[in-house]
Amino acid sequence: MVWQVLEGLSRDSAKRLRFVPGIVYVDEGAACGRSPEDRAKTLSEARLVLEAVGFPHHEVALEEVFSLPPSVLRRPAQGPAETQAQGDYKAAVDTFLQQQLVLGAQDSLPPAPGEGQLHHPQGLPGPQSWTAAQTQALCRLFESVKTLTAREELLQTLRTHLILHVARAHGYSKVMTGESCTRLAIRLLTNLALGRGAFLAWDTGFCDERHGDVVVVRPMREHTLKEVAFYNRLFAVPSVFTPAIDTKAPEKASIHRLVEAFLLRLQAQFPSTVSTVYRTSEKLTKAPREGCASGPRCLLCMCTLDIDAADSATAFGAQSCSHLSPMQLPPLPAEAGTPPTPCCPPGPGRAQGADERQDAQAHFLEQLCYGCRVNMKELASLDPLPPYIQAEAQLRSQRAWVRREIQEFLIEDGGDGEDGQS
Amino acid sequence: MAAPLSVEVEFGGGAELLFDGVKKHQVTLPGQEEPWDIRNLLVWIKKNLLKERPELFIQGDSVRPGILVLVNDADWELLGELDYQLQDQDNILFISTLHGG
Numbered sequence: 001m002v003w004q005v006l007e008g009l010s011r012d013s014a015k016r017l018r019f020v021p022g023i024v025y026v027d028e029g030a031a032c033g034r035s036p037e038d039r040a041k042t043l044s045e046a047r048l049v050l051e052a053v054g055f056p057h058h059e060v061a062l063e064e065v066f067s068l069p070p071s072v073l074r075r076p077a078q079g080p081a082e083t084q085a086q087g088d089y090k091a092a093v094d095t096f097l098q099q100q101l102v103l104g105a106q107d108s109l110p111p112a113p114g115e116g117q118l119h120h121p122q123g124l125p126g127p128q129s130w131t132a133a134q135t136q137a138l139c140r141l142f143e144s145v146k147t148l149t150a151r152e153e154l155l156q157t158l159r160t161h162l163i164l165h166v167a168r169a170h171g172y173s174k175v176m177t178g179e180s181c182t183r184l185a186i187r188l189l190t191n192l193a194l195g196r197g198a199f200l201a202w203d204t205g206f207c208d209e210r211h212g213d214v215v216v217v218r219p220m221r222e223h224t225l226k227e228v229a230f231y232n233r234l235f236a237v238p239s240v241f242t243p244a245i246d247t248k249a250p251e252k253a254s255i256h257r258l259v260e261a262f263l264l265r266l267q268a269q270f271p272s273t274v275s276t277v278y279r280t281s282e283k284l285t286k287a288p289r290e291g292c293a294s295g296p297r298c299l300l301c302m303c304t305l306d307i308d309a310a311d312s313a314t315a316f317g318a319q320s321c322s323h324l325s326p327m328q329l330p331p332l333p334a335e336a337g338t339p340p341t342p343c344c345p346p347g348p349g350r351a352q353g354a355d356e357r358q359d360a361q362a363h364f365l366e367q368l369c370y371g372c373r374v375n376m377k378e379l380a381s382l383d384p385l386p387p388y389i390q391a392e393a394q395l396r397s398q399r400a401w402v403r404r405e406i407q408e409f410l411i412e413d414g415g416d417g418e419d420g421q422s
Numbered sequence: 423m424a425a426p427l428s429v430e431v432e433f434g435g436g437a438e439l440l441f442d443g444v445k446k447h448q449v450t451l452p453g454q455e456e457p458w459d460i461r462n463l464l465v466w467i468k469k470n471l472l473k474e475r476p477e478l479f480i481q482g483d484s485v486r487p488g489i490l491v492l493v494n495d496a497d498w499e500l501l502g503e504l505d506y507q508l509q510d511q512d513n514i515l516f517i518s519t520l521h522g523g
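Chains as they are written, first to last, in the numbering used here: chain A, 1 to 422; chain B, 423 to 523.
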């Protein structure tokens, strides 16, 4: 994709693309268990390629999630940031497949002709921007998750947050990721298997605006992996290969691998498989659910929650009911009207001495969508999670509790008016 | 009786991990009764070049689905896949498009 953008931006192309992008390279070596020497070697190889391309580039390591602010998880209310005088050039890159560099960002307004040539050659960060303690914390986090499936999903989430942060920090408005048609078809089926069916349109569509100010686009989604591989070969596109978290894993090690093997095998015999799945994904629309246009959002993936806790007639409602009932709830004064869990009124003898950690974890899980919940259930405790996630989770649960406290006194729009001003 | 052939076998996209990280191999295939085709080449690679995890590269008679094979920069599907007969100084490239390995 970098190459295509390069071609598009060159002077002699017929329709010149009008943006100046930057590249972000995320080093995930710690999560994959690579030694520091290997990582340094790959990083230097990547740097060579990046410098040959000539765009401003940022290298970040996955450990830096431990220094992210909680505001990463908050969706800003306003629209894209106002452009500064020089015009905003934004980019973020995701590493994918053979860790080829993926390029992204586009300015929403066409820059003035003079500014189109603006380059910000970023200085390379000399010393490491992360500490050994963070590396260890990251390793601990990934080790506390048992299955490869959950690990891959966690990696994906953390990577997204990190890129989002870089994009916001440097003033980028769009992120381009390089998922190909094949990769997206695999992702579609994997997400269905993981319980993220409600968010297929966002996860696999061309344009993903769930983060508010930063829009994720996928310009390569129409090209199959085969085309990309051939293109790279015929045009001698330089690439850097780094092992990913599931390199050399056996076929059934995770849902992702299984679906990938399944789809590719089917494709070998029925060559229209991938394109059929892809076309189906194009038909998915992002209609909001009736009745909750702007409901609460999942803490990790920032999609509107698909949990309908009030609907205890569904299988999911029954499941969450049985899961939450033995949990300790914060002590409420006797006159508070609504019980904290809508589907299970807690018993009369609510003891204070239940496990606090379980409680915190229950509250954390409540703030996640179904897919994220299934993944995060693997965690024995919340401690290994990066601080920004814990802080945001606590903030949200406290806010929700306060809201429940004063629920009686709030005036709903078009509602029944005030209630109980005693 | 086929004469010994000299071909260049390359690996890309991560497949080289299974071959000790070496991307290009210049190999000389010994003379044998039947002419050399891709099927025989795969057997030969499995026996001589593949260092570990054969199931990640070869599946049954052919390569694993997801591994592209290019012969002289042309897709092997255009040349008859496994039945293509190797010529001297051919370049066979295996690119893995799989996520892991």
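The beta carbon of each residue, even a glycine, is placed where N, CA and C say it ideally should be.
Excluding the 5 residues flanking residue i on each side, which residues of the same chain have their C-beta closer than 7 Å to its C-beta?
{"i": "residue 305/A", "result": "295, 296, 297, 298, 369"}
{"i": "residue 148/A", "result": "246, 249, 253, 254"}
{"i": "residue 375/A", "result": "150, 153, 154"}
{"i": "residue 438/B", "result": "444, 445"}
{"i": "residue 494/B", "result": "512, 513"}
{"i": "residue 165/A", "result": "68, 72"}
{"i": "residue 206/A", "result": "217, 218, 221"}
Whose C-beta lies closer than 6 Å to the C-beta of residue i among residues of the same chain, with five residues either side of it excluded?
{"i": "residue 199/A", "result": "303"}
{"i": "residue 196/A", "result": "371"}
{"i": "residue 448/B", "result": "430"}
{"i": "residue 385/B", "result": "Nothing in the structure corresponds to residue 385/B, since chain B is present only between 423 and 523."}
{"i": "residue 70/A", "result": "388, 391, 392"}
What does a CB cutoff of less than 8 Å around residue i pick up in its chain, not counting 5 residues either side in sequence?
{"i": "residue 474/B", "result": "440"}
{"i": "residue 506/B", "result": "459, 460, 493, 498"}
{"i": "residue 131/A", "result": "63"}
{"i": "residue 194/A", "result": "149, 153, 255, 371, 374, 375"}
{"i": "residue 113/A", "result": "Bear in mind that the predicted position of residue 113/A carries a pLDDT of just 30, short of 50, making it unreliable; the figure below should be weighed with that in mind. For residue 113/A, where only same-chain residues beyond five positions count, there are no Cβ hits under 8 Å."}
Quick check on the burial criterion: 16 or more other C-beta atoms within 10 angstroms. Buried or exposed for residue i?
{"i": "residue 452/B", "result": "exposed"}
{"i": "residue 470/B", "result": "exposed"}
{"i": "residue 272/A", "result": "exposed"}
{"i": "residue 502/B", "result": "exposed"}
{"i": "residue 56/A", "result": "buried"}
{"i": "residue 300/A", "result": "buried"}
{"i": "residue 140/A", "result": "exposed"}
{"i": "residue 50/A", "result": "buried"}
{"i": "residue 203/A", "result": "buried"}
{"i": "residue 27/A", "result": "buried"}
{"i": "residue 367/A", "result": "buried"}
{"i": "residue 398/A", "result": "exposed"}
Using 8 Å as the threshold, is the stretch 425-443 of chain B in touch with the stretch 492-511 of chain B, meaning 3 or more CB pairs across them? yes
Any C-beta of chain A within less than 7 Å: which residues of the stretch 464-494 of chain B qualify? 475, 478, 487, 488, 490, 492
Taking contact to mean at least 3 C-beta pairs separated by less than 8 Å, is the stretch 52-65 of chain A in contact with the stretch 131-149 of chain A? yes
Contact between the stretch 392-404 of chain A and the stretch 221-234 of chain A is defined here as three or more beta-carbon pairs at a separation below 8 Å; is this criterion met? no
Which ranges would you report for the beta strand (DSSP E) in the stretch 28-70 of chain A if only whole runs of at least 3 residues count? 57-61
Three-pair Cβ contact test at 8 Å for the stretch 207-221 of chain A versus the stretch 375-390 of chain A: no
If you measure beta-carbon to beta-carbon, which residues of the stretch 210-229 of chain A are closer than 7 Å to chain B? 225, 226, 229
Identify each residue in the stretch 447-460 of chain B for which the Cβ-Cβ distance to at least one residue of chain A is less than 9 Å, and report them in chain order. none
Tell me which residues of the stretch 259-275 of chain A have at least one Cβ-Cβ distance to chain B shorter than 7 Å, keeping chain order. 260, 264, 265, 267, 268
List in chain order: all unbroken beta strand (DSSP E) runs of 3+ residues lying wholly within the stretch 190-274 of chain A. 215-217
Would you call the stretch 478-491 of chain B in contact with the stretch 165-178 of chain A, where contact means no fewer than 3 C-beta pairs closer than 8 Å? no
Chain A contacts from the stretch 499-518 of chain B (Cβ-Cβ distance under 9 Å): 515, 517, 518
Please list the segments of the alpha helix (DSSP H) lying wholly inside the stretch 126-184 of chain A, counting only runs of 4 or more residues, in order along the chain. 132-143, 148-169
Going along the chain, which unbroken runs of the alpha helix (DSSP H) with 4 or more residues stay wholly within the stretch 450-505 of chain B? 460-470
May I have a chain-ordered list of the alpha helix (DSSP H) segments no shorter than 4 residues that lie completely inside the stretch 347-412 of chain A? 356-366, 370-376, 387-405
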